[in-house]
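*Asks:* To convert, note that position 255 of the sequence shown is 250 in the numbering used here; the numbers rise steadily by one, no gaps.
Backbone N, C-alpha and C fix where the C-beta goes; we use that ideal spot for every residue, glycine too.
I am attaching a structure below and will ask some questions about it afterwards.
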Amino acid sequence: MAPSGSLVVLGTVLLLLIWGTPWAHGRRSDVRIITDENWRELLEGEWMIEFYAPWCPACQNLQPEWESFAEWGEDLEVNIAKVDVTEQPGLSGRFIITALPTIYHCKGGEFRRYQGPRTKKDFINFVSEKEWKSIEPVSSWFGPGSVLMSTMSTLFQLSMWIRTCHNYFIEDLGLPVWGSYTVFALATLLSGLLLGLCMIFVADCLCPSKRRRPQPYPPKKLLPESSQALKKVEEEQEADEEDVSEEEAESKAETNKDFVQNAIRQRSVGPSLAADKS
């Protein structure tokens, strides 16, 4: 009789557990899960998104209200979603999540941060009465689809990957902490060298260097004193040349006079000699 009694108790417990599950009543959670792969669905339609972490007490307290609010999503024509930042670090960087839980309202690609009371009634009023219109939307520079936030998302994903590798080196491989840091330091150094070589190669392909003949050095600039002395020497040379040219002109004029006088004398002597001969 004892084994049959234990079987009855066990069956009763199983029935109670099955009866208490949501799917036993034909119900399922109306909250959609957003990940790095499907986050662009937020850009279409109207959404209310909660960013949470399983270990956060405030997030745990908010979950019943959020689930109840999601039941009104179809009537309000709004999609209710949530993001687990521990599994989606890229989205936490893309939306700059600095506190938990964080709630965003999105419509037409414009994101607004909800900072009101966190009850089902307040959520319903926020959507139905369009209280979100009084909130300034996030700037396009800091929007989740901008280049800046995409870069931030990549950095967050990289940091999570580094943390995972660090835990793997320490827990699985048994490396000391300084050994893990040494591995990351060497990896950073090698990646920097490879990146530098790639940049040099690309720059050389885009802007190839041209071989040029060495140009002669430009003449040195003279000091003011030497330049003044050089000017004086040039002026003296020009003055000497002018004096020489004047002397040459005078000598030429004298020679021309002598030549004329000699010619006149020869003409005057010529007739006298002819008279003597006769």
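1) Can you find the residues in the same chain that come closer than 8 Å, C-beta to C-beta, to S123, ignoring five residues on each side of it along the sequence?
2) Suppose the cutoff is 8 Å on Cβ atoms and the five residues either side in sequence are ignored; what does the same chain contact list for L87 look like?
3) In this structure, does DSSP put K116 in helix, strand or coil?
4) Taking 9 Å as the CB-CB limit, is S87 close to chain C?
5) Just how far apart, CA to CA, sit D25 and F64?
6) Figure out for me which residue from Y109, R158, S134, T114 has the closest Cα to the Cα of K125.
7) Going by C-alpha to C-alpha distance, which of G104, A76, P96 sits closest to G111?
8) Any idea what DSSP makes of A76, helix, strand or coil?
9) Starting from F106, trace the alpha helix (DSSP H) in both directions and tell me its first and last residue.
10) In the structure shown, what three-state DSSP assignment does I165 receive?
11) Quick one: what does DSSP say F295 is sitting in, helix, strand or coil?
12) In whole angstroms, give me the CA-to-CA distance for E283 and F196.
13) If you follow the alpha helix (DSSP H) that E41 is part of, which residue opens it and which one closes it?
14) Give the range of the alpha helix (DSSP H) segment to which S195 is assigned.
15) Ignore the nearest five residues each way along the sequence and tell me which others in I29's own chain have a CB closer than 8 Å to its CB.
16) Taking 8 Å as the line, does the beta carbon of M155 fall inside it for any heavy atom of the ligand GDP?
17) Considering only C-alpha positions, which residue in the set K128, P49, S145 is nearest to F90?
18) Count the other CB atoms, across all protein chains shown, that sit within 10 Å of the CB of P203; report buried if there are 16 or more and exposed otherwise.
19) Just curious, the beta strand (DSSP E) that C101 is in, first and last residue?
20) Consult DSSP for I157 and reduce its assignment to one of helix, strand or coil.
21) Between S175 and the rest of its own chain, which residues show a CB-CB distance below 7 Å, the 5 nearest in sequence each way excluded?
22) Roughly how many angstroms separate the alpha carbons of G278 and W156, rounded to a whole number?
23) Enumerate in chain order the residues of its own chain whose CB-to-CB distance from E60 is below 7 Å, with the five nearest sequence positions on each side excluded.
24) With 16 other CB atoms within 10 Å as the buried threshold, where does W34 fall?
25) Taking E32 as the reference, give the member of S148, I92, L201 with the closest Cα.
26) Which same chain residues end up closer than 7 Å to F106 when comparing Cβ atoms and leaving out the 5 residues on each side of it in sequence?
27) Spell out the partners DSSP gives I92 in its beta bridges.
28) Below 8 Å on the Cβ atoms is my guess for W127 versus F118; work out the distance and round it to an integer in Å.
*Replies:* The relevant details are as follows:
1) Here residue 123 is taken as the residue at index 128 of the sequence shown, counted from 1. Correct list, in chain order: L71.
2) Here residue 87 refers to the residue found at position 92 of the sequence shown. Correcting the residue type first, residue 87 is Ser in the shown sequence and not Leu. Same-chain partners within the cutoff: F46, V78, V80, F151.
3) Counting from one through the sequence shown, the residue named residue 116 turns up at place 121. The answer is helix: DSSP assigns K116 an H, G or I state.
4) Looking at the structure shown, chain C is missing, and only one protein chain is on hand.
5) Looking up residue 25 in the sequence shown gives position 30. Looking up residue 64 in the sequence shown gives position 69. Approximately 9 Å between the Cα atoms of the pair.
6) As a working mapping, residue 125 is identified with position 130 in the sequence shown. Measuring from the Cα of K125, the nearest candidate turns out to be Y109.
7) Your numbering for residue 111 matches position 116 in the sequence shown. For G111, the nearest C-alpha among the options comes from P96.
8) Against the sequence shown, residue 76 aligns to sequence position 81. Correct three-state label for A76: strand.
9) For this step, residue 106 is matched to residue 111 along the sequence shown. Careful: F106 lies outside any alpha helix (DSSP H), inside the beta strand (DSSP E) at 105 to 109.
10) Position 170 of the sequence shown holds residue 165. The answer is helix: DSSP assigns I165 an H, G or I state.
11) The structure shown has nothing for residue 295, since the chain only spans -4 to 273.
12) Nothing about residue 283 can be reported from this structure: the residues present for the chain run from -4 to 273 only.
13) Your numbering for residue 41 matches position 46 in the sequence shown. Note, E41: premise wrong, no alpha helix (DSSP H); beta strand (DSSP E) at 41 to 47.
14) Taking the sequence shown and counting its residues from 1, one reaches residue 195 at position 200. Per the sequence shown, residue 195 should be read as Ile rather than Ser. Unbroken alpha helix (DSSP H) run through I195: 172 to 201.
15) On the sequence shown, residue 29 is found 34 positions in, with the first residue counted as 1. Here the set comprises E36, L37, I44, A76, K77, V78, Q83, L86.
16) This structure does not include the ligand GDP; it has no bound ligands of any sort.
17) The residue labelled residue 90 in the question sits at position 95 within the sequence shown. When each option's Cα is compared against that of F90, the closest is S145.
18) On the sequence shown, position 208 is the one that residue 203 refers to. Answer is exposed; the Cβ neighbour count stays below 16.
19) By one-based count along the sequence shown, residue 101 stands at place 106. Here the beta strand (DSSP E) through C101 covers 97 to 102.
20) On the sequence shown, position 162 is the one that residue 157 refers to. In this structure, I157 counts as helix in the three-state DSSP scheme.
21) The sequence position of residue 175 within the sequence shown is 180, counting from 1. For S175, where only same-chain residues beyond five positions count, the Cβ hits under 7 Å are H161, F164, I165.
22) Residue 278 lies beyond the residue range present for the chain, which begins at -4 and ends at 273; the question has no answer from this structure.
23) Here the question's residue 60 lines up with position 65 in the sequence shown. R113, T114, K115, listed in sequence order.
24) Residue 34 sits at position 39 when you count from the first residue of the sequence shown. The residue in question, W34, is buried, as its Cβ has 16 or more Cβ neighbours within 10 Å.
25) For the purposes of this step, residue 32 is identified with residue 37 of the sequence shown, where counting begins at 1. Out of S148, I92, L201, S148 has the C-alpha closest to the C-alpha of E32.
26) The sequence position of residue 106 within the sequence shown is 111, counting from 1. Contacts found: Y99, P132, V133, G138, P139.
27) Start at 1 with the first residue of the sequence shown, and residue 92 comes out as number 97. Its beta-bridge partners do not exist; DSSP assigns none.
28) Along the sequence shown, one-based indexing puts residue 127 at 132. Along the sequence shown, one-based indexing puts residue 118 at 123. W127 to F118, Cβ: 11 Å. No contact.
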